[in-house]
Amino acid sequence: MNLQTDSFLEYLKSERNYSPATIESYAKDLAEFRNFLEGQRLDPQWADVKADDVREWVIYMLDEQKLTASSVNRKLSALRTCYKYLRKMEVVKANPMEKVVAPKKKRPLPYFVRESDMDKLLELTAEDKTFKGVRDRLILLMFYETGIRRAELLGLTDASVDLKAKQIKVTGKRNKQRIVPFGDELEAGLLAYLDFRKTKTGLSNAPALFITEEGKPLNEAQVSKIVKDNLSMVTTMKKRSPHVLRHSFATAMLNNKADLTSIQKLLGHESVATTEVYTHVSFEDLKNEYKNAHPRK
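So the number in our numbering is just where the residue sits in the sequence shown, counting from 1, plus 440.
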């Protein structure tokens, strides 16, 4: 097994121009696989390795070594490349890697702000009656009550808002438009802001719905800073971005019995599979409640 391994590593160096770091990494991965086979009392010959042997190695790495799916997939990549070479050189007749499925990477759960913290934040920000205070609170409300993206918020104009119908027209990814309804609190916030904006800037038709005190449209960095600074008042989460408020909208909707397909349409997701990540967030909450409350946990 060592002889073929050395030949493979030399092939990567001389013919494939792999970097020394990659070759060293591959050598380490292949040595770990050989050691695993030896630990299983198997005679480590490349031609004798079966798909089940590789699967056992994957289970060992995930369960015993506690490696992440990304780390395991990287090691499998070394083994897969090696077997392609061995087949090319006719060292082996069959490639066991063709029957091995790589472990799926665990999708990280989205950050979100709890409803109680959002209630607290909106109460705190209601006290600021300056133009900036009224505008910034409205931005928080807009994200939290509609679930729109940062780019979608920046694309809003006065014409995007239908106060009578209590809805906004949003232009999402690939210029797809959707209608998102809103409630009484956001309506009141919009009316107060539009009145304040006209008084402050003298503009009856602003270039964008959300503008600076100088009358210029807000940019991405300014909106992100507004959200981050305000969320810092109620949470110490690492991520405090507009997208966190989008996640918070979806999670709050789901927790309050909204249909998953309806949430998908409101968020502008192409597939309901994308929206399903929020069911995992709610389940995490459910597990925490169980751990905190059940006497036999």
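Ideal Cβ positions, reconstructed from N, Cα and C, are used throughout, including at glycine.
What runs of the alpha helix (DSSP H), each 4 residues or longer, lie entirely inside the region 509 to 539?
The region 509 to 539 contains these whole alpha helix (DSSP H) runs: 509 to 528.
According to DSSP, what are the bridge partners of Pro657?
As a first step, residue 657 must be located in the sequence shown, where it is residue number 217. DSSP output for Pro657 lists Ile651 as bridge partner(s).
Assign Gln485 to one of three DSSP states: helix, strand, or coil.
If you number the sequence shown from 1, residue 485 lands on position 45. Correct three-state label for Gln485: coil.
Is the distance from the Cβ of Gln617 to the Cβ of Lys604 below 7 Å?
As a working mapping, residue 617 is identified with position 177 in the sequence shown. As a working mapping, residue 604 is identified with position 164 in the sequence shown. Their beta carbons are not under 7 Å apart, which means Gln617 does not touch Lys604 by this criterion.
By Cβ distance below 7 Å, which residues in the same chain neighbour Ala632 in space, the five residues on each side in sequence not counted?
Position 192 of the sequence shown, counting from 1, holds the residue named residue 632. Around Ala632: Val574.
Measure the alpha-carbon distance for Lys705 versus Ala542 and round it to whole angstroms.
Stepping through the sequence shown from its first residue, residue 705 is reached at position 265. Stepping through the sequence shown from its first residue, residue 542 is reached at position 102. The straight-line gap from Cα to Cα measures roughly 33 Å.
Could you compute how far the alpha carbon of Lys737 sits from the alpha carbon of Asp488?
Residue 737 sits at position 297 when you count from the first residue of the sequence shown. Residue 488 sits at position 48 when you count from the first residue of the sequence shown. For Lys737, the predicted structure reports a pLDDT of 48, less than 50, and the residue's modelled location is therefore unreliable. A value from the coordinates is still provided. Spanning the two alpha carbons is a distance of roughly 47 Å.
So what does DSSP say about Arg589, is it helix, strand or coil?
The count along the sequence shown starts at 1 and reaches residue 589 at position 149. Looking at Arg589 - three-state DSSP - the assignment turns out to be coil, as it is neither helix nor strand.
Just to check my reading of the structure: Phe583 and Arg686 have Cβ atoms closer than 8 Å, yes? What is that Cβ distance to the nearest angstrom?
Here residue 583 corresponds to residue number 143 of the sequence shown, with the count starting at 1. Here residue 686 corresponds to residue number 246 of the sequence shown, with the count starting at 1. About 6 Å; that satisfies the 8 Å criterion.
Less than 7 Å between C-beta atoms, sequence neighbours within five positions excluded: which residues of the same chain meet that for Asp483?
Here residue 483 refers to the residue found at position 43 of the sequence shown. The answer is none, since no qualifying residue turns up.
With which residues is Pro621 paired in a DSSP beta bridge?
What you label residue 621 is simply residue 181 of the sequence shown in a count that begins at 1. In DSSP, Pro621 forms a bridge with Gln607.
Going by DSSP, what residue range makes up the alpha helix (DSSP H) through Gln704?
If you number the sequence shown from 1, residue 704 lands on position 264. Segment 700 to 707, the alpha helix (DSSP H) holding Gln704.
Between which two residues does the alpha helix (DSSP H) holding Glu478 run?
Within the sequence shown, numbered from 1, the residue matching residue 478 stands at position 38. It spans 460 to 479 - the alpha helix (DSSP H) in which Glu478 sits, taken as one unbroken run.
Inspect the beta-carbon positions of Val553 and Thr676 and report whether they are closer than 7 Å.
Position 113 of the sequence shown, counted from the first residue, corresponds to residue 553. Position 236 of the sequence shown, counted from the first residue, corresponds to residue 676. For Val553 and Thr676, no; Cβs fall outside 7 Å.
Using 8 Å for Cβ pairs, my map puts Val512 next to Met501. What's the rounded Cβ distance?
Start at 1 with the first residue of the sequence shown, and residue 512 comes out as number 72. Start at 1 with the first residue of the sequence shown, and residue 501 comes out as number 61. At roughly 5 Å, the Cβ-Cβ gap stays under 8 Å, so Val512 and Met501 are in contact.
Just the C-alpha distance for Lys668 and Arg680, rounded to the nearest angstrom, thanks.
As a working mapping, residue 668 is identified with position 228 in the sequence shown. As a working mapping, residue 680 is identified with position 240 in the sequence shown. Taking the straight line from one Cα to the other gives about 5 Å.
Could you name the residues that DSSP lists as bridge partners for Val601?
As a first step, residue 601 must be located in the sequence shown, where it is residue number 161. Val601 pairs with Ile608.
Within 10 angstroms of the Cβ of Lys524, are there 16 or more other Cβ atoms? Answer buried if so, exposed if not.
By 1-based counting over the sequence shown, the position of residue 524 is 84. So Lys524 ends up on the exposed side.
Taking the straight line between their C-alpha atoms, what separation do you get for Ala491 and Lys528?
Within the sequence shown, the letter at position 51 stands for residue 491. Within the sequence shown, the letter at position 88 stands for residue 528. So the alpha carbons of these two residues sit roughly 19 Å apart.
Rounded to a whole number of angstroms, what is the C-alpha to C-alpha distance between Arg520 and Asp446?
For the purposes of this step, residue 520 is taken as the residue at position 80 of the sequence shown. For the purposes of this step, residue 446 is taken as the residue at position 6 of the sequence shown. Each residue's Cα considered, the two are about 16 Å apart.
Candidates Ala566, Thr611, Glu555: which alpha carbon is nearest Glu585's?
Sequence index remark: in the sequence shown, residue 585 carries index 145 (1-based). Ranking Ala566, Thr611, Glu555 by Cα distance to Glu585 puts Glu555 first.
Which residue from Met673, Met693, Lys506, Leu507 puts its Cα closest to that of Arg577?
As a working note, residue 577 is residue 137 in the sequence shown. When each option's Cα is compared against that of Arg577, the closest is Met673.
For Pro682, which three-state DSSP category applies?
As a first step, residue 682 must be located in the sequence shown, where it is residue number 242. Note: Pro682 maps to helix in three-state DSSP.
Return the CA-CA distance between Leu671 and Ala599, expressed in angstroms with no decimal places.
The count along the sequence shown starts at 1 and reaches residue 671 at position 231. The count along the sequence shown starts at 1 and reaches residue 599 at position 159. Straight-line Cα distance between these residues: approximately 29 Å.
Closest by CA to Ala648, which one among Lys606, Ala628, Leu596, Leu526?
Here the question's residue 648 lines up with position 208 in the sequence shown. Taking only the C-alpha atoms, the option nearest Ala648 is Leu596.
Skipping 5 residues on each side, what residues in its chain have a beta carbon closer than 7 Å to that of Glu660?
The count along the sequence shown starts at 1 and reaches residue 660 at position 220. Correct list, in chain order: Arg590, Leu594.
Measuring straight from C-alpha to C-alpha, what distance separates Trp497 and Pro460?
By 1-based counting over the sequence shown, the position of residue 497 is 57. By 1-based counting over the sequence shown, the position of residue 460 is 20. The alpha-carbon atoms of Trp497 and Pro460 are separated by roughly 25 Å.
With Thr714 as the anchor, note down where its alpha helix (DSSP H) starts and where it stops.
Mapped onto the sequence shown, residue 714 falls at position 274. Start and end: 712 to 715.
With H, G and I counted as helix, E and B as strand and the rest as coil, what does DSSP make of Lys737?
Position 297 of the sequence shown, counting from 1, holds the residue named residue 737. Low local confidence applies: a pLDDT of 48 at Lys737 is under 50, so the model's placement there is unreliable, with the coordinate-based value given in what follows. Coil, per DSSP.
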